[in-house]
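Student: Residue numbers are given in numbering that gives the first Met the number 0: position 471 of the sequence shown equals residue 470, and the series is strictly consecutive.
Every residue gets a Cβ at the ideal spot worked out from N, C-alpha and C, and that includes glycine.
Keep in mind it's a predicted model, so treat the numbers as computed, not measured.
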Amino acid sequence: MKSDLSATLPAITEKGTLTPVAVSFGDGIGPEIMKAVMTVLVKSGARLEYLPVEVGESVYKQGFTSGIAPEAWQAIRNAKVFLKAPITTPQGGGYKSLNVTVRKTLGLYANVRPCVAYAPYVQTSHPNMDIVVIRENEEDLYAGIEHRQTDEVYQCLKLITRPGCQRICRYAFEYARAHGRRKVTCMTKDNIMKLTDGLFHKVFDEIGAEYPELEKEHRIIDIGMARVANGPEAFDVIVTPNLYGDILSDVAAEIAGSVGLAPSCNIGEECAMFEAIHGSAPDIAGLDQANPSGLLLAAVMMLVHVGQPDVATLIHNAWLRTIEDGIHTQDIFNVDSSTRLVGTQEFARAVCERLGLEPQRFKPAAYVNNAAQPPIHASGTHLPEKKELVGIDVFVQWDEGTQELAQRLQAAQTEGLHLQMITNRGVKVWPEGFPETFLTDHWRCRFISDPPNEVSKDELLGLMANVLRADLDFIKAETLCLFNGQPGFSLGQGQ
Ligand code: NAD
């Protein structure tokens with residue numbers, strides 16, 4: 000699919016020696032910042048072949064609910080590398096996020112977002128900040144599996160997998176090693192979510208043991224994020240599950256300086272997508288005011304990824320020198336450190352004029368070949384564990400009292416499966432509940448063999464038949480299993 004702007008893409012002269020890159024110009028400020036980035040890429044001698052694809056608002060309006068048409072998918076899959084300008088997601092229902100669709104469809108499991116302060120040229124309260132947030136990109140609450148279960152209760156499934164944790168944790172350690180970083184911090188909420196976040200933490204520890212030269216630490220996400228907001232200098236590389244990483248990476252980019260400066264990339268085994276973190280900024284679209292730096296630095300990450308560290312270094316250093324020389328777009332302009340207010344295209348020309356120069360105050364960039372990390376393959380090498388079925392959690396909708404529910408459930412017990420407890424929103428209400436506990440219409444009823452002994456699936460089915468015969472409004476059930484003798488379920492009320 001061709002964009003009108005494809006005319007601004009450089010002509011291909013030496014096909015075969017060039018790395019193909021799918022390029023979309025996006026919406027709002029997208030076309031102008033992409034044009035600026037192209038100016039710099041061409042002048043730098045980047046060995047790239049640019050393949051225009053169209054995604055975003057116009058494609059949504061053609062009726063493609065994810066903002067991308069089949070031809071664009073093909074072009075991106077062929078190129079394997081996608082440089083994407085921001086797009087506008089149309090308001091209203093029925094539209095799906097293009098970014099989430101691309102990440103999940105292409106298996107882009109790692110989101111990498113460097114958040115760096117450029118003081119004193121760009122104002123920030125954290126002048127020495129230089130962190131990289133590595134966020135798991137496919138799992139967690141973003142599986143999109145949601146259900147309304149009762150009149151009052153809705154649920155969203157949080158899925159964390161061992162291969163998913165292994166891949167993102169290994170990616171973070173490999174990234175730290177390749178980029179000369181000293182420490183990797185893992186952030187989870189495993190004091191509450193002991194199985195899901197607990198797995199992420201455990202895998203982080205297991206994989207971290209293979210990187211003795213790197214410092215490792217774990218922080219609970221709430222205090223960890225607060226510390227990042229107040230003292231980001233104490234952090235280096237941070238790896239987190241999807242939702243925490245989503246929030247943390249925005250906090251980190253915001254406190255580093257301007258939203259216009261931060262790049263990001265999404266890495267998969269086959270494909271990768273590079274973009275600025277900001278949106279299409281419709282408020283300044285078409286005014287030649289936008290800062291193209293986020294997208295330009297994303298292009299630098301892309302050059303490292305495709306094995307052109309020489310060009311990445313050239314552009315990054317020219318960009319640092321431009322910032323040092325005080326040549327600033329409006330979003331970062333201030334009278335103390337800026338010398339010239341420039342528009343988007345003039346900023347790009349200033350970077351081009353400095354290709355070959357190094358910064359005088361900032362540490363110069365010096366990418367090396369091994370900074371391009373090999374893809375991390377999801378491994379299924381974990382040995383299967385002994386799995387024993389010992390019970391079942393039955394979820395029901397019920398609008399009457401706790402004792403009445405308990406009586407009906409006890410009548411449904413089988414020889415091997417006894418009612419152990421009833422919880423409401425995770426709080427134990429039977430036996431021995433408190434009258435103060437707020438009750439909704441959603442009950443989890445645990446039947447278990449006591450002491451835990453393996454039960455047959457037939458026995459479970461017998462129990463379920465009894466529950467249905469007791470005229471209970473059954474919602475769903477979760478089996479309770481031991482894995483190598485360890486419970487694969489949380490043990491009671493919300494810990
Ligand atoms: P935004 O990031 O577009 O803008 C937020 C603020 O930052 C605005 O004041 C804007 O002028 C400013 N800003 C953003 N980028 C800038 C730049 N390069 N230079 C100078 N100033 C800049 O966020 P928003 O307004 O919430 O979203 C606008 C649209 O972008 C929405 O349709 C949203 O869905 C979309 N969006 C797209 C992406 C993406 O494509 N990756 C990401 C976020 C938002």
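Can you tell me which residues form a DSSP beta bridge with His178?
Tutor: The residue you call residue 178 lines up with position 179 of the sequence shown. In the DSSP output, where bridge partners are listed per residue, His178 has none listed.
Student: For Ile375, I'd like the list of residues in its chain whose CB is within less than 6 Å of its CB, leaving aside the five on either flank, ordered along the chain.
Tutor: Reading the sequence shown from its first residue, position 376 is the one you call residue 375. Closer than 6 Å at the Cβ level, and outside the excluded window around Ile375, lie Arg166, Arg169, Tyr170.
Student: Check whether the Cβ atoms of Phe482 and Glu384 lie closer than 7 Å to each other.
Tutor: The residue given as residue 482 occupies position 483 in the sequence shown. The residue given as residue 384 occupies position 385 in the sequence shown. Yes. Within cutoff.
Student: Taking the alpha-carbon positions, what's the Thr328 to Pro69 distance?
Tutor: As a working note, residue 328 is residue 329 in the sequence shown. As a working note, residue 69 is residue 70 in the sequence shown. Rounded to whole angstroms, Thr328 to Pro69 spans 37 Å at the Cα level.
Student: In or out: Ile144 buried (at least 16 other Cβ within 10 Å) or exposed?
Tutor: Numbered from its first residue, the sequence shown carries residue 144 at position 145. By the 10 Å Cβ count, Ile144 comes out exposed.
Student: If you drop the 5 nearest sequence neighbours on each side, which residues of the same chain put their C-beta closer than 7 Å to that of Glu232?
Tutor: Position 233 of the sequence shown, counted from the first residue, corresponds to residue 232. Closer than 7 Å at the Cβ level, and outside the excluded window around Glu232, lie His125, Asn127, Met128.
Student: Helix, strand or coil for Tyr120, going by three-state DSSP, please let me know.
Tutor: Along the sequence shown, one-based indexing puts residue 120 at 121. Coil, per DSSP.
Student: Taking only runs that begin and end inside the stretch 171-226, name each unbroken beta strand (DSSP E) of 3 or more residues, in chain order.
Tutor: 182-187, 214-219
Student: Is there a C-beta anywhere in chain B that falls below 7 Å from the one on Glu216?
Tutor: You won't find chain B in this structure, because it holds only one protein chain.
Student: Given a cut-off of 7 Å, decide if Leu354 and Ser43 are closer than it, judged by their beta-carbon atoms.
Tutor: Along the sequence shown, one-based indexing puts residue 43 at 44. Along the sequence shown, one-based indexing puts residue 354 at 355. Contact flag set, yes.
Student: Pick from Pro291, Leu340, Pro308: whose alpha carbon is nearest that of Ala347?
Tutor: Numbered from its first residue, the sequence shown carries residue 347 at position 348. With distances taken between Cα atoms, Ala347 lies closest to Pro291.
Student: Distance check for Leu404 and Met420, CA to CA, integer angstroms please.
Tutor: For the purposes of this step, residue 420 is taken as the residue at position 421 of the sequence shown. For the purposes of this step, residue 404 is taken as the residue at position 405 of the sequence shown. If you take the alpha carbons of Met420 and Leu404, they lie about 11 Å apart.
Student: For Ile67, which residues from the same chain have a beta carbon less than 8 Å from its beta carbon, with the 5 sequence-adjacent residues on both sides left out?
Tutor: In the sequence shown, residue 67 corresponds to position 68, counting from 1. Answer for Ile67: Val54, Val58, Leu97, Thr100, Val101, listed in chain order.
Student: Which term fits Gln359, buried or exposed, when burial requires 16 or more other beta carbons within 10 angstroms of its beta carbon?
Tutor: As a first step, residue 359 must be located in the sequence shown, where it is residue number 360. Exposed: under 16 other Cβ atoms inside 10 Å.
Student: Based on Cα-Cα distance, which residue from Cys185, Pro434, His217, Gly244 lies nearest to Leu140?
Tutor: Indexing the sequence shown from 1 puts residue 140 at position 141. The candidate whose alpha carbon is nearest that of Leu140 is Gly244.
Student: Going by DSSP in three states, Tyr141 sits in which element: helix, strand or coil?
Tutor: Here residue 141 refers to the residue found at position 142 of the sequence shown. Reduced to three states, the DSSP call for Tyr141 is helix.
Student: By how many angstroms is the C-alpha of Asp150 removed from the C-alpha of Met272?
Tutor: On the sequence shown, residue 272 is found 273 positions in, with the first residue counted as 1. On the sequence shown, residue 150 is found 151 positions in, with the first residue counted as 1. Answer to the nearest angstrom: the Cα atoms are 41 Å apart.
Student: How should Arg181 be labelled, buried or exposed, when 16 other C-beta atoms within 10 angstroms of its C-beta is the threshold for buried?
Tutor: On the sequence shown, residue 181 is found 182 positions in, with the first residue counted as 1. Exposed, by the Cβ-count rule.
Student: Is Arg407 helix, strand or coil by DSSP?
Tutor: Locating residue 407 in the sequence shown gives position 408, where the first residue counts as 1. Residue state, collapsed to three classes: helix.
Student: With distances taken Cα to Cα, identify the nearest neighbour of Asp309 among Val36, Glu269, Leu40.
Tutor: Reading the sequence shown from its first residue, position 310 is the one you call residue 309. Looking at the Cα atoms, Leu40 is the closest of the given residues.
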